[in-house]
Amino acid sequence: MATSTSCTGSTLLQPISKIIDLPLDQVNFVVCQLFALVTAFWFRLYLHPSKTSPFIRHVVATLLGFYLALFCFGWYALHFLVQSGLAYGVMIFTGVEHMHKYCFVVTLGYLSFCQVTRVYVFDYGMYSADFTGPMMVITQKITSLAFEIHDGLMKREEHLKPSQKYLAVRKMPSLLEYLSYNCNFMGILAGPTCSYNDYVAFIEGRCYEPKHLESNGKENGKFKQSDPSPKRDVIQKVCTCALSLMVYLVIYTACPTERVIEDTFMASNPFYIQVLYLYISMLALRPKYYFVWTLADAINNAAGFGFNGYNTDGTPKWDRISNLRILNIEFATSFKMFLDNWNIQTALWLKRVCYERCPYNPTAATFLLSAIWHGAYPGYYLTFITGIVVTMAARAVRHNVRQHFLGSATLKLIYDMITWFSTQMAICYTVVPFVLLAVGPSLKFYRSVILPEEHINPGESKLCSGEENLSISQ
Numbered sequence: 001m002a003t004s005t006s007c008t009g010s011t012l013l014q015p016i017s018k019i020i021d022l023p024l025d026q027v028n029f030v031v032c033q034l035f036a037l038v039t040a041f042w043f044r045l046y047l048h049p050s051k052t053s054p055f056i057r058h059v060v061a062t063l064l065g066f067y068l069a070l071f072c073f074g075w076y077a078l079h080f081l082v083q084s085g086l087a088y089g090v091m092i093f094t095g096v097e098h099m100h101k102y103c104f105v106v107t108l109g110y111l112s113f114c115q116v117t118r119v120y121v122f123d124y125g126m127y128s129a130d131f132t133g134p135m136m137v138i139t140q141k142i143t144s145l146a147f148e149i150h151d152g153l154m155k156r157e158e159h160l161k162p163s164q165k166y167l168a169v170r171k172m173p174s175l176l177e178y179l180s181y182n183c184n185f186m187g188i189l190a191g192p193t194c195s196y197n198d199y200v201a202f203i204e205g206r207c208y209e210p211k212h213l214e215s216n217g218k219e220n221g222k223f224k225q226s227d228p229s230p231k232r233d234v235i236q237k238v239c240t241c242a243l244s245l246m247v248y249l250v251i252y253t254a255c256p257t258e259r260v261i262e263d264t265f266m267a268s269n270p271f272y273i274q275v276l277y278l279y280i281s282m283l284a285l286r287p288k289y290y291f292v293w294t295l296a297d298a299i300n301n302a303a304g305f306g307f308n309g310y311n312t313d314g315t316p317k318w319d320r321i322s323n324l325r326i327l328n329i330e331f332a333t334s335f336k337m338f339l340d341n342w343n344i345q346t347a348l349w350l351k352r353v354c355y356e357r358c359p360y361n362p363t364a365a366t367f368l369l370s371a372i373w374h375g376a377y378p379g380y381y382l383t384f385i386t387g388i389v390v391t392m393a394a395r396a397v398r399h400n401v402r403q404h405f406l407g408s409a410t411l412k413l414i415y416d417m418i419t420w421f422s423t424q425m426a427i428c429y430t431v432v433p434f435v436l437l438a439v440g441p442s443l444k445f446y447r448s449v450i451l452p453e454e455h456i457n458p459g460e461s462k463l464c465s466g467e468e469n470l471s472i473s474q
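Oh and the sequence shown: position 160 is 160 in the numbering used here, straight run, nothing missing.
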């Protein structure tokens, strides 16, 4: 039964969980996010910076965040405070020169400790919405802030890149500001990550001022005298969430990825059918992430956070902290284009704290950090190892082949069609271990790709299924 999934949070919604036959932890998560969405409108309208002080906004945002965390995760939410407290202590007592390095090690180390114990000590795959998810976002925020403080207080202005100059933090945040940044109700459950300067500008009511100046008079009249309204964008994003959830629940439940490694499926279907099924399954899986990240974006927008200037027609843009661009993902014609539009804020975090700062092989280091950050399941590491190979191959192909297809619009269209298909297949085969989690099923899948006509006999398949996935992965 779906509701048997372990949940350490509130059991208040258990009756609803039983009625709709979904795990209680997922029901708690969705209800809390919907509550946060409604609360965000109240926060923007009744605790507007013109009506109340930044102190009150920080306090309310933080307390509401703690409440949602406790409702969803129970006492496990204390890990959010412990992780944040340890990192803040490191910032205070280690000095500016090395604080970013120590914070990085302590924060990522504590996250990894929680992920390993959750997976291998308590129960393998025990949660579908686990407490380490928010910790992953908090880890991004803490490490980003540590590097931004180091840049702002330690480095000379001329040694900073333009983006680093904007992000640099020139004074140490107070404990309240720090906790509000990490644990506010808009982002405590699903993020997204944002820069500390952007968040403080939002709390203090300064987030609209630079954008008004940059718009060069493009905004239409109704936006000149008041803050731009996020209502239209929030409605669009909520509708996107509803559609995404429907696609996921209807299609993915009928086409789960795990079926691609079933012996009966591989034996009864030709290879091209298996490929088509894999594409449909991955296509239907992504809306789960579209739902979570788009709803999180809508919550922040409803609170007034995420304004990013104006479009050419004068309408406001609310995509400053958006985590994905769905059409760019589905029609990506390169591996890089897909990654650039998927989990955008995490990609920016990886770029800012690792890729731009790592002196040796930044590509491999970035994929390794991404794998460690994601968790302890072996399938994650198989995915990111494969990702390194695919990235290098894609760069080589683009460098050597693309130039031959730019002579005419027809050739360019053919090239785009081929690269779209190749990108989608590369994503599918790269991500399967991420979904299967364990080594045994993942290797079985890759074996079926390399040797599509050779199927594992039933005696062998038992080693890669059921309870024994754990022993294989370990």
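Cβ coordinates follow ideal geometry from the N, Cα and C atoms, glycine included.
By the beta-carbon neighbour count (other beta carbons within 10 angstroms, threshold 16), Y166 is exposed.
Separation of F147 and I261 (C-alpha to C-alpha, rounded to the nearest whole angstrom) is 43 Å. Counting only residues of its own chain and dropping the five nearest sequence neighbours on each side, L369 has a CB closer than 7 Å to the CB of L350 and C354. Cβ-Cβ distances below 7 Å link C103 to A87, V90, M91, I142, T143 and A146 in the same chain, with the five nearest sequence neighbours on each side left out; the list follows chain order. Taken in chain order, the whole alpha helix (DSSP H) runs of length 4 or more contained in the region 148-206 are 162-167, 175-183 and 196-204. The closest CA to that of P173, considering only E209, I149 and L160, is found on I149. Put simply, of F202, P162, I427 and N269 the residue whose alpha carbon is nearest the alpha carbon of E356 is P162. DSSP places W293 in the helix class (H, G or I) of the three-state scheme. Taken in chain order, the complete beta strand (DSSP E) segments of 3 or more residues contained in the region 275-323 number zero; there are none. Taking S442 as the centre and dropping the five residues before and after it, the same chain places the C-beta of G379, L382, P433 and L436 closer than 6 Å to its C-beta, in chain order.
Between F185 and A61, the CB-CB gap stays under 7 Å. Put simply, the region 24-36 touches the region 8-15. At least three CB pairs are less than 8 Å apart.
Residue pairing by DSSP places W342 opposite L324 in a beta bridge. Contact check for C358 and A347: beta-carbon distance about 15 Å, past the 8 Å limit, so the pair fails to qualify. In the three-state DSSP reduction, P228 falls in the coil class, being neither helix nor strand. For G440, the uninterrupted alpha helix (DSSP H) run begins and ends at V439 to I450, by DSSP. Sequence-distant partners of E97 (beyond 5 residues in either direction) whose C-beta falls short of 7 Å from its own C-beta, in its chain, are M154. A distance below 7 Å between beta-carbons, with the five flanking residues on each side excluded, links H58 to the following residues of its chain, in chain order: L176, E177, S180 and I203. In the structure shown, G379 adopts helical secondary structure according to DSSP, grouped into three states. About 7 Å separates the Cβ atoms of F331 and W420, confirming a contact at the 8 Å cut-off.
G89 sits in a helix when the DSSP states are folded into three classes. With respect to I344, A36 sits apart: the two C-beta atoms are not nearer than 7 Å.
D233 places its beta carbon less than 7 Å from that of W318.
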